[in-house]
Structures are given as C-alpha cells and as structure tokens.
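Quick mapping for you: the protein sequence lines, in order, are chains C and V. Residue numbering for the first sequence follows numbering that gives the first Met the number 0, starting at 0 and increasing by one per position. Residue numbering for the second sequence follows numbering that gives the first Met the number 0, starting at 0 and increasing by one per position. The next block holds one structure in the form of structure tokens; read it before the comments.
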Amino acid sequence: MASKTLSLSHPELLAEYVPESEFKAFFEKRLATPPDHMAMLIRNGEIVDTYKGAHFSVGGIVKRLKSLVVGSSHISILLADLKPFSLQSNFSAITKDNVEIRATATFELQVNPDKPANVMGLVNTSGYLTHDEVLKRFKPHLTDRVIEAAVRRVDAGSLRGERGLQDHIQAEIMREIQRVAGDLGLIVRAVSLEWALNATEKAALEKATLDREQIRLDNELEYLRRKFERGTESTKFKIAADFEVAKFGALTDNEFEKLIFDQEVQFTDARQDVERRRELEAIEHQLQVMREQRIGRFENKIAELDHAVDMAKRKQQISKLHQDLDRLQQIHLAEMKKLKAFTDLEIRKRSEFLELELTQRTQQQQLAHLKAIRALENADDDADEKRRNTRKQVDAKIEADRVRAETEARVAQLKAGANMTPEQILAINAGLSADVANVLVEQARANANGSEQVMSVMREMVAQASDARVDSERQAREMFRMGMEGTVGVAQGAGPGSGNSNSPTSAEQQTVECHQCGRENNITNRCCIGCGKQLRT
Amino acid sequence: MFSITKSTESANSKNAAKPCCYRASCHADAGFCSDCGDPLVRCAAFDECGGLLDDDGCCSVCFSPELVLATQQFRQARVGDSVQIPLKLLNHSAVGRPVFVRGVWTRESGGPWIEAELAWQRVEAGQARELVVSAESIAKSGNHVVDIVIAIESRWQWRTETFAFSSSIRIDIADKKGDVIVNQNISTSAAGNQTGVTISSPVKIYNDDNSASQTDGVVEIQPLVRATVYDQVFGFRGTSNDFRVKRNAVFSWSGFSKTQTPAASAIVTHDGLLRFGRSRTKRQGGEGDVRILVNRNDGEVDVELSQAISREHFYLFIQNNRLQLRVVSPHGVTVDGKTIESGQVCSLKNGSKIHPLPSHPSRLELTTSFEIEHGNVVKVVVSKTQ
Numbered sequence: 000m001a002s003k004t005l006s007l008s009h010p011e012l013l014a015e016y017v018p019e020s021e022f023k024a025f026f027e028k029r030l031a032t033p034p035d036h037m038a039m040l041i042r043n044g045e046i047v048d049t050y051k052g053a054h055f056s057v058g059g060i061v062k063r064l065k066s067l068v069v070g071s072s073h074i075s076i077l078l079a080d081l082k083p084f085s086l087q088s089n090f091s092a093i094t095k096d097n098v099e100i101r102a103t104a105t106f107e108l109q110v111n112p113d114k115p116a117n118v119m120g121l122v123n124t125s126g127y128l129t130h131d132e133v134l135k136r137f138k139p140h141l142t143d144r145v146i147e148a149a150v151r152r153v154d155a156g157s158l159r160g161e162r163g164l165q166d167h168i169q170a171e172i173m174r175e176i177q178r179v180a181g182d183l184g185l186i187v188r189a190v191s192l193e194w195a196l197n198a199t200e201k202a203a204l205e206k207a208t209l210d211r212e213q214i215r216l217d218n219e220l221e222y223l224r225r226k227f228e229r230g231t232e233s234t235k236f237k238i239a240a241d242f243e244v245a246k247f248g249a250l251t252d253n254e255f256e257k258l259i260f261d262q263e264v265q266f267t268d269a270r271q272d273v274e275r276r277r278e279l280e281a282i283e284h285q286l287q288v289m290r291e292q293r294i295g296r297f298e299n300k301i302a303e304l305d306h307a308v309d310m311a312k313r314k315q316q317i318s319k320l321h322q323d324l325d326r327l328q329q330i331h332l333a334e335m336k337k338l339k340a341f342t343d344l345e346i347r348k349r350s351e352f353l354e355l356e357l358t359q360r361t362q363q364q365q366l367a368h369l370k371a372i373r374a375l376e377n378a379d380d381d382a383d384e385k386r387r388n389t390r391k392q393v394d395a396k397i398e399a400d401r402v403r404a405e406t407e408a409r410v411a412q413l414k415a416g417a418n419m420t421p422e423q424i425l426a427i428n429a430g431l432s433a434d435v436a437n438v439l440v441e442q443a444r445a446n447a448n449g450s451e452q453v454m455s456v457m458r459e460m461v462a463q464a465s466d467a468r469v470d471s472e473r474q475a476r477e478m479f480r481m482g483m484e485g486t487v488g489v490a491q492g493a494g495p496g497s498g499n500s501n502s503p504t505s506a507e508q509q510t511v512e513c514h515q516c517g518r519e520n521n522i523t524n525r526c527c528i529g530c531g532k533q534l535r536t
Numbered sequence: 000m001f002s003i004t005k006s007t008e009s010a011n012s013k014n015a016a017k018p019c020c021y022r023a024s025c026h027a028d029a030g031f032c033s034d035c036g037d038p039l040v041r042c043a044a045f046d047e048c049g050g051l052l053d054d055d056g057c058c059s060v061c062f063s064p065e066l067v068l069a070t071q072q073f074r075q076a077r078v079g080d081s082v083q084i085p086l087k088l089l090n091h092s093a094v095g096r097p098v099f100v101r102g103v104w105t106r107e108s109g110g111p112w113i114e115a116e117l118a119w120q121r122v123e124a125g126q127a128r129e130l131v132v133s134a135e136s137i138a139k140s141g142n143h144v145v146d147i148v149i150a151i152e153s154r155w156q157w158r159t160e161t162f163a164f165s166s167s168i169r170i171d172i173a174d175k176k177g178d179v180i181v182n183q184n185i186s187t188s189a190a191g192n193q194t195g196v197t198i199s200s201p202v203k204i205y206n207d208d209n210s211a212s213q214t215d216g217v218v219e220i221q222p223l224v225r226a227t228v229y230d231q232v233f234g235f236r237g238t239s240n241d242f243r244v245k246r247n248a249v250f251s252w253s254g255f256s257k258t259q260t261p262a263a264s265a266i267v268t269h270d271g272l273l274r275f276g277r278s279r280t281k282r283q284g285g286e287g288d289v290r291i292l293v294n295r296n297d298g299e300v301d302v303e304l305s306q307a308i309s310r311e312h313f314y315l316f317i318q319n320n321r322l323q324l325r326v327v328s329p330h331g332v333t334v335d336g337k338t339i340e341s342g343q344v345c346s347l348k349n350g351s352k353i354h355p356l357p358s359h360p361s362r363l364e365l366t367t368s369f370e371i372e373h374g375n376v377v378k379v380v381v382s383k384t385q
C-alpha cells in the first residue's frame with residue numbers, strides 16, 4: 000500500500016496542521032514525511048509520536064473498533080518545516096552624530112530540530128504558522144533594544160564595513176530572540192544588516208564626485224595648457240625650422256646634428272627670452288654707466304692736460320718776455336754805449352746793479368712772504384706783547400699818579416694837621432678816614448679820663464679799626480655797638496659793598512658748617528641750604 | 000565805544016615764592032633758601048623755566064594764561080538765537096614754555112557743564128589762540144552769566160601738570176524799544192603785568208532787521224583765576240579719596256639709616272624727583288636720594304640681593320597732587336601686588352606697599368603712610384621693613 004507524502008500547503012508556511020481528511024478513512028492510512036519535515040502525531044492534545052523522514056499509518060477500521068472498546072480520541076498531525084529559512088526586515092535608527100540611517104536585516108532562522116514540538120506554541124488559531132508571523136512577533140523586540148542601541152554608539156561615517164558592529168548586533172539579536180522565543184522552538188543561525196546610504200555618506204560621495212570632477216577639470220585644463228604651450232613651441236620651432244628645411248638635403252650627419260642642436264638651443268632660448276632680455280638690459284645699463292664714467296674721467300684728464308698745456312704756454316710766453324727784455328736791455332746799453340753815455344765799467348756796474356737789484360727784489364719778496372706767514376703765526380704773540388706794553392705804561396702812570404697823590408695827600412694832611420688834635424692825627428696816620436677818626440676820638444674821650452689815657456685808648460681803637468678795615472662812620476659805630484666782638488665778621492658783614500673785595504679774608508670765600516646736617520654754607524647765609532636750619536640771627 | 004576799567008586779580012596764585020628764594024634757587028645744589036630757610040620747591044621744568052611753585056603747586060613761569068575778549072568785530076544776533084562770544088587765550092610765559100589746553104567747559108545759570116570742542120591744544124609762548132563760547136538763546140532782560148573752566152596743562156619730558164582756571168562772562172540785557180540789547184562785560188586778567196582790563200563789547204539783538212539800532216554797553220569777563228575746587232571736581236588733580244598730596248608735603252623716613260635718606264622735608268631736588276636705588280645718596284657723595292639695600296637677619300647687607308636692585312630703581316614724585324611712582328629698573332617693581340614695568344607710572348595711596356624686588360617680596364618692603372589735615376597730605380612717611 001502506497002504512502003501519501005505530507006507537505007505544507009504553501010511555501011510561506013513554516014508549520015501547519017494536516018487536515019483530518021488527509022488521514023481519516025475507513026482503512027488505515029499510510030503517510031510519509033520528507034526528511035526536512037517533521038510530522039507530529041497529536042492525540043487528545045498530546046504529542047504521541049514524531050516522524051521525521053519516515054512512514055507511519057493512522058486510522059482504519061481496527062482503530063475505530065478499538066475506540067469503540069476503550070472510547071474515542073481526537074487525532075491531529077502537525078507538520079513543520081525544519082529547513083532554515085530567511086527573513087528580511089527594514090530598520091531605521093539614529094547614529095551618534097544624529098544622522099538617520101536605514102538598514103535591511105536578514106535573519107537566518109530554523110525550527111529547533113531537537114524541540115520541534117515547541118513550534119506548536121507559535122501556530123495561530125487558524126492552524127498554521129507563516130514566516131511573516133514569526134517576523135512580526137520578534138521585530139518589536141529588536142528595533143529599539145538592539146539595533147538603535149547599537150547604532151547610537153557609532154558615527155554615520157564609520158558604520159559601513161564595521162564587522163565588530165555586525166557581530167555585536169548579531170549576538171544581541173540572538174540573545175534577544177533566545178530570550179523571547181527560545182522555548183518556542185526557534186533558533187537564530189545568523190543575522191546580517193545591510194546599511195542603506197546615509198546622509199553623511201551621500202555627502203562624502205558627492206564630495207568625492209565633485210573632487211573627481213575637479214581633478215578631471217584640472218587635468219583637462221593642464222592638458223589644454225600644455226597643448227597650447229606645445230602648439231606655441233612647435234610653432235616657433237616650425238618657424239625656425241622652415242628656414243633650414245631647404246638645407247636638409249645637402250647636410251651631412253654631423254651638420255644635421257648640429258642643426259638640430261641649434262634648433263634646440265633656439266627652442267630653449269625662446270622660452271628664456273624674457274630673462275635674457277632683462278639680463279641684457281641690466282648689462283647694457285651697467286655698460287652705459289661705465290662708459291659715462293670713463294668719458295667723465297677722460298674729460299677731466301683732458302681738462303687737466305689742457306690746463307697744463309696752457310701753463311706751459313704761459314711760461315714760455317713769460318720766458319720769452321724775459322728774453323725780450325734782456326735783449327732790449329742789451330740793445331739799450333749798446334745804443335747808450337754808441338752814444339758814449341756809459342763807459343764799459345758803468346755798463347758792467349749797471350748790469351751788476353741790475354742783477355743785484357733783481358736778486359734783492361726776489362729776496363724782499365721772499366722775506367715779505369715769510370713775514371706774512373710769521374705775522375699770521377705770531378699774531379696772538381704780537382697782540383699780547385702790545386697789551387703788555389700798554390699795561391706797563393698804564394701801571395707806570397698809575398704809580399706816578401699814586402706817588403703824586405700820596406705826596407699831595409701828605410702835604411694836605413700836614414696842612415690839616417696843624418688844626419688837628421693828636422688823636423685825629425694818630426687815626427689819620429693809621430690810614431683811617433677823617434669820619435672814622437672823629438668817631439674814634441669821640442669814643443676814646445668818652446671812655447677815658449685823662450689825656451694820656453685818651454691817647455692809650457685811642458691807639459688801641461685805631462689798631463682794632465685798622466685790623467677791621469673800618470672805613471666809614473657807620474662801620475665804626477657798629478663796631479663799638481657790638482663791643483668789638485667778632486670784629487672781622489661784624490665789620491665785614493655790616494658793610495656790604497664796602498670795597499674790600501681784594502681782601503684775602505673776603506666773606507664770599509669763607510664757609511661755615513651746619514651743625515645739623517654738616518653742609519658747608521657761605522658765611523653770609525642766614526640759613527643752611529641743605530636743611531634750612533637757621534645758622535645765625 | 001569801549002570803556003576800560005582796572006582789575007587787580009591775577010590768573011596765578013598770590014602765594015608765590017619770595018624773591019630771596021628765587022635768588023637762592025640759582026644754586027643748583029641748594030635745597031633751602033639761604034635767607035629765609037624755606038624749602039625750595041622747584042618746578043618739574045626748572046631746568047627750562049627756573050620757576051618755583053606756589054602753595055598750590057603751580058609754576059607762575061610756566062602758567063601765565065590770559066583770557067581776553069576778541070573785539071575785532073561787532074556782534075549781533077536775533078532774539079532767541081544763541082550768542083557767540085569769541086575769546087582769545089594768551090600764553091604769557093616769559094621763558095617760551097608752551098601750554099596745552101586739555102578742555103574748555105561752560106555752564107549757564109548753574110546748569111550742567113558743557114564741553115566746548117577745540118581743534119587745537121598747544122598754545123606757544125606769546126601766542127594767542129581763539130575759542131568761541133556760546134550762550135544759549137537770550138530772550139529776557141536781566142543778567143546772564145556764563146561760567147568757563149579751562150584745563151591747562153604743562154608738559155616736561157614725561158611729566159605733566161594740569162590746572163583748572165576759571166572765569167565767567169556777565170551779560171547784561173536791557174529792554175529797549177522792543178529790542179533786547181545785550182551788553183557783554185568781559186574783564187580779563189593780564190597775568191603778565193599783574194593788571195587786568197575790562198573791555199566792553201556791544202552786542203545787539205534784534206527783534207527784526209528793520210528796527211535794529213546800535214547801542215553801546217559794558218561787557219565784562221571775570222579775571223581768569225586758579226580754580227582749585229574744579230581741580231578736584233573735574234579730576235585734574237588730587238586723588239579719588241578726596242585728598243591732595245601737595246608738592247610741599249614733608250617726606251620723613253623710617254627704617255633707614257640717617258645717611259641713606261635726605262633730611263625730612265619737602266622734595267627739594269632740582270627736578271622734583273626722589274631717586275630710590277642702590278647708589279649712594281648725596282650725603283654719601285653719590286647721586287641718589289634714598290638708598291635701599293637688603294639686609295640679612297643679622298643686620299649685615301645681603302650683597303647678592305642688594306645687587307639685584309638697580310642703581311636707580313624707581314622715582315617718587317608728586318604730580319597733579321598725587322604721589323606717584325615711576326619704575327626705572329628693567330626688573331620692575333610690585334606695588335600693592337601689582338607689577339609695574341619699567342617706564343610705567345602708578346599712583347600711591349595711604350598704606351601702599353612697594354616691593355622693589357618682586358621675586359623676594361618678603362626681603363624688602365616699603366610702605367607709604369599719609370598724615371592728612373583738612374584734605375591735604377602734610378606728611379608722607381616712607382617706612383622700610385625687612
């Protein structure tokens with residue numbers, strides 16, 4: 000009896016309950032399952048047996064009779080495809096640099112051959128299970144938990160070709176499906192994602208395209224430029240060569256090589272024409288400058304030579320004039336001799352005299368020159384000498400005047416002394432003025448009792464007044480007022496402009512030290528110029 | 000047309016130095032008058048001007064400005080128009096010192112100060128520069144007053160001194176036949192000869208062109224005088240702490256040996272600078288004024304650190320009523336924690352701390368403290384601590 004091979008009613012089905020009409024019959028029905036399928040015989044909701052690539056029989060009158068004895072039972076057969084099957088689904092996610100990417104995931108799945116009965120849990124209420132139903136069931140678990148989480152870690156630019164990322168995603172998906180449907184009899188064999196082109200990659204591609212286009216355009220430009228240059232150069236070469244074409248036939252090999260070399264030189268020179276022209280212009284300018292300099296030097300030299308020639312001509316003229324003079328002199332002497340105006344001796348004497356005179360004149364001129372030079376050199380000495388002489392004269396005159404004045408003064412003094420008291424005469428003789436003398440006499444008489452004592456006091460005061468160089472009445476009274484203390488300072492300090500500037504004890508030359516700061520101060524200072532401290536009242 | 004009256008005011012302070020002090024200042028090394036003993040407080044530009052400073056620190060030789068009314072033309076304006084008053088600022092400096100006008104401010108009837116725009120700054124000695132002051136629209140009879148403040152600056156090398164001078168223009172307005180007649184009285188001081196003149200300049204304001212008639216009047220400007228209050232108000236001189244370090248403030252020293260500093264007095268050097276540094280002082284036969292050296296704990300001089308101090312390290316001087324420090328040393332100086340580079344100037348305040356060696360601040364520190372009376376610093380104490 001032949002067996003009927005069970006098969007799934009549609010290629011999209013993964014599992015399916017075999018309709019009862021297939022195996023319920025009066026006689027026993029023999030069924031067969033392909034090797035890649037598995038048939039599960041279910042009696043009263045329990046899998047009683049599984050058949051994989053085997054034959055089995057169900058139903059028939061015997062079983063019907065047996066059921067009459069032990070009671071009826073419900074039998075069904077679930078047929079599952081054990082071949083690995085492939086599912087594809089599209090996903091979208093956002094990368095680390097916020098670029099949306101799209102990918103197609105390919106799942107390689109298979110009903111677990113070790114636990115095929117578990118696939119029964121996936122079968123829908125209509126009694127079958129399709130591939131799409133499997134995908135719909137798992138997709139929500141993979142979108143956010145696996146794919147978006149994985150993609151979020153990488154940039155869009157580094158997504159493609161990242162095997163580590165693929166492995167990571169596959170592992171995560173396997174674990175997730177194991178978690179969700181591992182006990183339902185599905186196993187994941189492999190998962191791969193195929194990335195769609197994202198915005199970054201599109202931009203990079205466009206950029207690369209543009210770069211290539213740019214390079215192409217640059218190359219094209221360079222090609223055109225070279226082509227143009229070659230055209231220009233070849234034109235030049237052609238123009239240059241055309242002149243030689245006629246000669247080619249008659250040339251030997253050496254001459255031909257030389258010609259080619261010459262053409263090459265011309266070819267090179269044509270390209271370097273500007274540089275060479277500039278160099279030539281610079282050299283030409285330099286040459287022009289040098290030429291002008293040389294011309295200038297030559298002109299100067301010629302001018303100097305002309306000057307020397309002129310000088311020589313003048314000297315010749317002068318010597319000629321001297322000769323003419325001598326000749327005229329001789330003629331004159333000869334004529335005078337003819338006229339018997341001079342004797343030979345006189346003529347000789349005259350000639351000697353003339354020579355002597357000439358020599359003297361020359362010497363005088365030289366002397367005058369020397370004197371002029373000497374005068375220039377000794378102008379200051381002469382002026383000093385003149386001043387010294389003048390001063391001597393003035394000094395002599397002053398001395399004479401002084402002697403005369405002294406004599407007159409003495410005479411006047413003697414005349415006046417006739418009417419003076421002895422005290423006045425004493426004071427006047429000491430060199431004091433008449434006013435001072437009067438003061439001294441007045442004070443001496445006031446301080447003395449007798450006439451002899453008056454003279455004694457008078458002598459003392461005259462000596463002090465002389466030492467103090469008192470020469471006015473005011474100074475004399477001040478001297479007495481100060482009690483003759485600090486004679487020198489008071490006398491000189493009280494008489495500004497007293498005329499004793501020649502004195503070696505002049506106040507301007509005396510200093511006093513400040514006892515506070517130690518600064519040297521002029522004795523006339525009231526206060527120290529270093530610290531402001533008052534030095535005297 | 001014009002009436003001239005005498006004025007006795009002067010642009011400069013009357014507290015000028017005495018003649019004996021001028022005689023004594025002829026000796027370059029004299030710090031005090033040999034006759035009266037007063038300190039010889041010289042102008043910063045003494046080498047050029049030979050002037051001494053008055054109590055306000057103003058040099059009467061450098062600052063001799065005069066403000067006069069430019070009367071070369073008759074002025075007239077309509078009622079309601081502003082009146083333009085042309086003035087001339089003269090520099091009477093007898094030694095050829097130029098001055099620089101930093102600004103001119105005017106104010107009417109106690110209103111706000113308004114700065115006039117000037118296209119020039121420099122006024123050479125003997126030169127007169129013109130400026131125009133505007134009075135606002137005048138439509139009522141009575142007295143109108145325009146106050147003027149002029150900030151004038153003198154410069155010498157890197158130093159400057161700025162002073163405020165003030166004046167005022169009185170404008171008498173009489174109502175006559177419907178016309179408003181303005182009589183400007185402008186009397187200005189003549190700083191050079193100590194006399195002032197009042198120049199009258201009639202200004203006529205029309206109600207309309209046809210009824211206009213010329214009228215004489217007296218125009219009066221108050222003399223240009225030193226305005227010490229405005230120095231502070233405009234911030235030209237003094238410090239923000241409302242006190243002034245005057246040029247004759249006494250400097251005293253603490254922590255120095257006697258020979259390392261000058262005598263306690265105002266700054267009497269010929270250029271007004273106190274030179275701080277390693278070089279010997281004038282008392283020791285050197286060129287410096289204050290010698291700063293670093294001492295070790297045992298009192299001996301730390302030669303190595305002292306050599307880090309320049310011979311002339313920094314200057315102390317008083318400028319615009321402020322105590323200032325100018326760094327000369329290329330290594331700089333720290334003042335109150337702020338580094339001052341060579342050539343820079345900073346103001347010192349009460350309690351400022353100067354560290355001449357920024358790398359060793361604890362080894363040498365100078366402190367300035369002020370003694371203030373009525374807003375004037377009368378004494379500056381420079382203390383040295385180590």
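No residue lacks a Cβ here, since even glycine has one placed at the ideal position from N, Cα and C.
Under the 8 Å criterion on CB atoms, H26 of chain V is classed as interfacial with respect to chain C. Taking CB atoms only, F45 of chain V has no neighbour in chain C less than 8 Å away. A straight-line Cα-Cα distance of about 33 Å links H130 of chain C and D154 of chain C. Under the three-state reduction of DSSP output, S256 of chain V falls in the coil class, being neither helix nor strand. Pairing V94 of chain V with C61 of chain V, the inter-Cα distance amounts to about 8 Å.
Around the beta carbon of D146 of chain V, 16 or more other beta carbons sit within 10 angstroms, so the residue counts as buried. When the beta-carbon positions are compared, Q259 of chain V and T227 of chain V stay at least 8 Å from each other.
Any Cβ of chain C closer than 8 Å to the Cβ of A23 of chain V would place that residue at the interface, and such an atom is present. Look at I168 of chain V here: in three-state DSSP terms it is strand.
Among the residues facing chain V, I528 of chain C is included, as its CB has a counterpart in that chain under 8 Å away.
In the structure shown, I147 of chain V falls within a strand segment according to DSSP collapsed to helix, strand and coil. Sequence-distant partners of L272 of chain V (beyond 5 residues in either direction) whose C-beta falls short of 6 Å from its own C-beta, in its chain, are Y314 and F316. According to the DSSP secondary-structure assignment, A189 of chain C is paired through a beta bridge with C:E107. The three-state secondary structure of S305 of chain V, taken from DSSP, is helix. Pairing K532 of chain C with P261 of chain V, the inter-Cα distance amounts to about 14 Å. The beta carbons of N90 of chain V and S63 of chain V sit closer together than 8 Å. Closest in C-alpha terms to D182 of chain C, from the list C:A148, C:K114 and C:L209, comes C:K114. Looking at C:L86, C:R390, C:T94 and C:R101, the one whose alpha-carbon comes closest to that of Q109 of chain C is C:L86. The beta carbon of R362 of chain V lies closer than 7 Å to those of V293, L304, L356 and Q385 in the same chain, with the five residues before and after it left out.
The residues G254, F255 and L365, in chain order, have a CB closer than 6 Å to that of K383 of chain V in the same chain once the five nearest residues on each side in sequence are set aside. Ranked by how close their Cα comes to the Cα of H143 of chain V, the residues V:I168, V:D230 and V:S351 have V:I168 in first place. In this structure, L7 of chain C sits near D80 of chain C, with a CB-CB distance shorter than 8 Å. At a C-beta separation below 8 Å, R525 of chain C has these neighbours in chain V: S33, D34, C35 and G36. Within the DSSP bridge table, the entry for R243 of chain V names V:N375 as partners. Identification of residues in the region 355-367 of chain V having a C-beta nearer than 7 Å to some C-beta of chain C yields an empty set. At the C-beta level, I522 of chain C and T536 of chain C stay beyond 8 Å of one another. Taking a contact to require three or more Cβ pairs closer than 8 Å, the region 424-442 of chain C and the region 456-465 of chain C qualify as touching.
A buried status is given to P38 of chain V, since no fewer than 16 other beta-carbon atoms sit within 10 Å of its beta-carbon. Shortest Cα-Cα distance from I220 of chain V to any of V:S358, V:V132 and V:N319 involves V:V132. If you look at L431 of chain C, you'll find it isn't in any alpha helix (DSSP H); DSSP assigns it neither H nor E.
Counting only unbroken stretches of 3 or more residues, the beta strand (DSSP E) elements lying wholly within the region 142-207 of chain C are 185-194, in sequence order. Bounds of the beta strand (DSSP E) holding R106 of chain V are V98 to E107.
Counting of Cβ neighbours within 10 angstroms places F297 of chain C among the exposed residues, the total staying below 16. Residues of chain C with a Cβ closer than 9 Å to the Cβ of G285 of chain V do not exist; the shortest Cβ-Cβ separation is about 15 Å. With a beta-carbon spacing of about 7 Å, V224 of chain V and F164 of chain V fall inside the 8 Å limit used to define contacts.
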